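What follows is one structure encoded as structure tokens, with my remarks underneath.
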Amino acid sequence: MYNEFIYLKPKIKLMKQTVLIAALLISGLCSAQSVIQSVNSGSVISANAVVGVGEIVVVPQNQNQSATGIIGVLAQVNQQMLEVPSYELSDKITVWPNPTVAKISFETNENLANATVAVFNNVGQLVLERKIGADNSIDLTDLAQGIYMIQLSNQKQAFKIIKH
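Here is the structure:
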């Protein structure tokens, strides 16, 4: 029996080593990390660095301490979206002339007197807000050339206008 134990002892030791090495390799693969991008040797990340959504960026709290390995900030890049609300296009109101140079008029059976008109540029920013005049028109002379969305405040209707 003692001879069998002496014979099995090296095999058990080899088996333990094999299991240990396999466990280390598997755990190393599961938590592997790699540097995707290194900006300026990793010491300073500039404002124009290209980082994708969901990537984690490590920024030292004190840029002079980056060589010491002291890391102060760990940030994940999140995507911010500019959203323009969707509106129904109207067949009850006609906006003319389109394209226009200065003034647009609203033709409808409804009373639009003192209704507010909001004008949005092509990225959704409010660029003009005015009340409709007694002649059912607004002046767009102050706006630059481009494509705009016009929304009436008392209705969920929007119109695409081209300004020359």
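All letters in the sequence shown, in the order written, are residues 1 to 164 by UniProt numbering.
Glycine included, every Cβ here is placed at the ideal spot set by N, Cα and C.
All values reported here derive from a predicted model rather than from experimental measurement.
* N-terminal and C-terminal residue of the beta strand (DSSP E) that W137 is part of -> Residue mapping note: residue 137 aligns to position 137 of the sequence shown, counting from 1. Looking at the sequence itself, residue 137 is Ser, so the reference to Trp does not match. Its beta strand (DSSP E) spans residues S137 to D139.
* In whole angstroms, what separates the C-alpha of N121 from that of I147? -> In the sequence shown, residue 121 corresponds to position 121, counting from 1. In the sequence shown, residue 147 corresponds to position 147, counting from 1. Those two C-alpha atoms are separated by around 7 Å.
* **Own chain residues within Cβ distance below 8 Å of E129, not counting five before or after** => Here residue 129 is taken as the residue at index 129 of the sequence shown, counted from 1. Non-local C-beta neighbours of E129 in its own chain, meaning closer than 8 Å and more than five positions away in sequence, comprise T116, V117, A118 and V119, ordered along the chain.
* Asked: Any idea what DSSP makes of A22, helix, strand or coil?
  -> Counted from its first residue, the sequence shown places residue 22 at position 22. Three-state DSSP puts A22 in a helix.
* To do: Please state whether DSSP places S153 in a helix, a strand or coil.
  => To locate residue 153, count along the sequence shown from 1; it is residue 153. Shown here, S153 sits in coil according to DSSP, grouped into three states, outside any helix or strand.
* Between which two residues does the beta strand (DSSP E) containing T94 stretch? -> As a working note, residue 94 is residue 94 in the sequence shown. Counting along the chain, the beta strand (DSSP E) containing T94 begins and ends at T94 to W96.
* L143 (DSSP reduced to helix, strand or coil) -> Residue numbering aside, residue 143 sits at position 143 when the sequence shown is read from its first letter. Of the three classes helix, strand and coil, the one that applies to L143 here is coil, per DSSP.
* Asked: Which one or two residues does DSSP pair with residue 165 in a beta bridge?
  -> Outside the modelled stretch of the chain, which goes from 1 to 164, sits residue 165, for which no answer is possible.
* Is it true that the CB of H164 sits closer than 7 Å to the CB of P99? -> Here the question's residue 99 lines up with position 99 in the sequence shown. Here the question's residue 164 lines up with position 164 in the sequence shown. In this structure, H164 lies closer than 7 Å to P99 by Cβ.
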